[in-house]
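First comes the structure, then the notes that go with it.
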Amino acid sequence: MDSAKKLKKFIINTFIILGVILFVPGLPPYSKLEPFSPTPPLAFEGALDPKDYLLARAEKLFKGEIVGPESLEVSPIDSNVLYAGLDGGSIIKIFGNGTQMKTVAKLGEKCSGSWDVNNCGRPLGIRFDKDGYLIVADSYLGIYRVDCEHSGQVTNLVHKHAVIDGKVAKVFNGVAPGKDGRIYYTVTSTNYPFHEALGEMLGAPSGRLIVYNPETNENKVLQENIHFANGILLSPEEDYVVFAECFRFQLLKYFIRGSKAGTTEVFLDGLPGTPDNLNLSPEGNILIALVSVRLPGEFDPLEFMFNHPWLRKLVIRLMHLVKFPFDMVSKFFDFPFFRQIGSHVMSLSLLVPVLPPYSIIVEADWEGKIVNSWHSNSADKRLFSDAKIVNGYMYLGSPFNDFLARIKMPNSSRVPKNLKM
1 MDSAKKLKKF IINTFIILGV ILFVPGLPPY SKLEPFSPTP PLAFEGALDP KDYLLARAEK
61 LFKGEIVGPE SLEVSPIDSN VLYAGLDGGS IIKIFGNGTQ MKTVAKLGEK CSGSWDVNNC
121 GRPLGIRFDK DGYLIVADSY LGIYRVDCEH SGQVTNLVHK HAVIDGKVAK VFNGVAPGKD
181 GRIYYTVTST NYPFHEALGE MLGAPSGRLI VYNPETNENK VLQENIHFAN GILLSPEEDY
241 VVFAECFRFQ LLKYFIRGSK AGTTEVFLDG LPGTPDNLNL SPEGNILIAL VSVRLPGEFD
301 PLEFMFNHPW LRKLVIRLMH LVKFPFDMVS KFFDFPFFRQ IGSHVMSLSL LVPVLPPYSI
361 IVEADWEGKI VNSWHSNSAD KRLFSDAKIV NGYMYLGSPF NDFLARIKMP NSSRVPKNLK
421 M
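Written out as structure tokens, the structure is:
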């Protein structure tokens, strides 16, 4: 009887505490949260048929030597050379048929450790421009130009504290350099830094699509209120850009020129997962890396939360309350342990253990039609955030894995037609 009373008292007290946390004023999030229902995931049939789960047989390169090769790019002068940005802030060059690597640039300064994200930086999207410079979106530090092939010189193009239409970017993400020198890029959030990305995922969308003009050194906002803006590609004629809206599980299309210039529409909806980086296939199509997967017909707790703003608000507030003491201690004392914990409380890495043991790379044409896909049902070969097919191999990046994955493609005679030279 006493046990039953104690349990009842515990439940009542818990609900009272949660109610206070939910309704007390002055705590984040500060924007109103709206319910929404993402389009259900497309079925695994036709071009989305898993077939033989090819990606599950991928080999692991540099196992344990690297962490988080998020985005991949091929050298414009040697298709046997790849570049990747790592957790910790380094840009690496991969050569020797995937057997060797070296650091070619490090954007951050006075980096004390991978937990010291504000100083170390975190390179996300990387793409070569028309002049052979690597354009890098560092989540914390801004947009950079790196001379990887020659001098190693690093130039900051968009400063991390740049105020653009009244807001500062908290997460720089994807980049798409144009032939005219302009750089289109995505900002995942203007509310939360990258290590607090769960706040952007559950909160009100604050992502942006921006274009940087190097001739005037100006940034122009093209689209706002994107729910976790991510990978981006320019169309072959560069009359529009396609970019990922992660937590609406879709790709959007922004028109640069033509009768629809300045407008945005849905390009591909109902993706069976969270779209991350966008890359080009050998045929010039779009490779979409789904870093996490929505399995058709299965309950998705995240989608349930999207429909219940009060629950999202409660979770965000609980995370902030857990994080607060670690931040306060770190503010006054140099305790790396507390900083490390504080930097992970609202991190996407918390989701990794509960994500399905599955990953997909989708290929779509420029009409928004899915034409092919490659799947992995392996628990240790998943979380792929970028894909690049070169010299008969598909290379697979990830923000979380401690390796670079590679798989030989069935049709190994295919070679890239659309390397950015």
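Going by full-length UniProt numbering, the sequence shown opens with residue 1, and the numbers climb by one from there. Each residue gets a CB set at the ideal place from its N, CA and C atoms; glycine is no exception.
- Cβ shell of residue 192 (< 7 Å), same chain only, five flanking positions each side left out: 170, 199, 200
- Can residue 229 and residue 203 be called in contact, C-beta distance under 8 Å? no
- Opposite residue 404 in the DSSP bridges: which residues? 61
- Do residue 397 and residue 112 have their C-beta atoms closer together than 8 Å? no
- Query: Going by DSSP, which residues form a beta bridge with residue 208?
  - Reply: 187
- Enumerate in chain order the residues of its own chain whose CB-to-CB distance from residue 224 is below 7 Å, with the five nearest sequence positions on each side excluded. 208
- Assigned exposure category for residue 250 - 16 Cβ within 10 Å defines buried: Residue environment: residue 250 is assigned as buried (16 or more neighbouring CB atoms within 10 Å of its CB, all protein chains considered).
- Task: Check each candidate in 166, 140, 238, 142 and name the one with the smallest Cα separation from residue 181.
- Result: 238
- Item | Those residues which DSSP pairs with residue 105 across a bridge | 91
- Task: Could you have a look at residue 306 and say whether DSSP puts it in helix, strand or coil?
- Result: helix
- Other residues of its chain near residue 399: CB distance less than 6 Å, five sequence neighbours each side excluded: 68, 70, 385
- Query: In its own chain, which residues sit with a C-beta less than 6 Å from the C-beta of residue 39, not counting the 5 before and 5 after it?
  - Reply: 269, 270
- Delimiting residues of the beta strand (DSSP E) encompassing residue 394: 393-397
- Item | 4 or more residues per run - each alpha helix (DSSP H) lying fully within the segment 99-152 | The segment 99-152 is shown to contain whole alpha helix (DSSP H) runs of 4 or more residues at 117-120, in chain order.
- Cβ neighbour criterion (16 or more within 10 Å) applied to residue 290: buried
- Task: Please determine if the segment 346-358 and the segment 282-289 are in contact, where contact requires at least 3 C-beta pairs separated by less than 8 Å.
- Result: no
- Query: Nearest to residue 51 by alpha carbon, out of 211, 361, 320?
  - Reply: 361
- Task: Apply the 10 Å Cβ neighbour rule to residue 18 and answer buried if 16 or more other Cβ atoms are within range, or exposed otherwise.
- Result: exposed
- Identity of the residue in 98, 340, 329, 190 nearest residue 161 by Cα: 190
- Span of the alpha helix (DSSP H), counted from its first residue to its last, around residue 197: 197-202
- Query: Can you round the beta-carbon distance between residue 371 and residue 47 to whole angstroms, since I take them to be within the 8 Å contact cut?
  - Reply: 5 Å
- Can you tell me whether DSSP reads residue 56 as helix, strand or coil? helix
- Measure the C-alpha to C-alpha separation of residue 137 and residue 128 and round it to an integer number of angstroms. 12 Å
- Item | CB contact flag (residue 75, residue 149, <8 Å) | yes
- Item | Straight-line gap, residue 236 to residue 389 (C-alpha atoms, nearest Å) | 18 Å
- For the putative contact between residue 89 and residue 106, defined by C-beta atoms under 8 Å, what is the C-beta separation to the nearest angstrom? About 5 Å; that satisfies the 8 Å criterion.
- Item | 7 Å CB neighbourhood of residue 3 in its chain, flanking five on each side removed | none
- Query: Over what stretch of residues does the beta strand (DSSP E) that includes residue 232 continue unbroken?
  - Reply: 229-234
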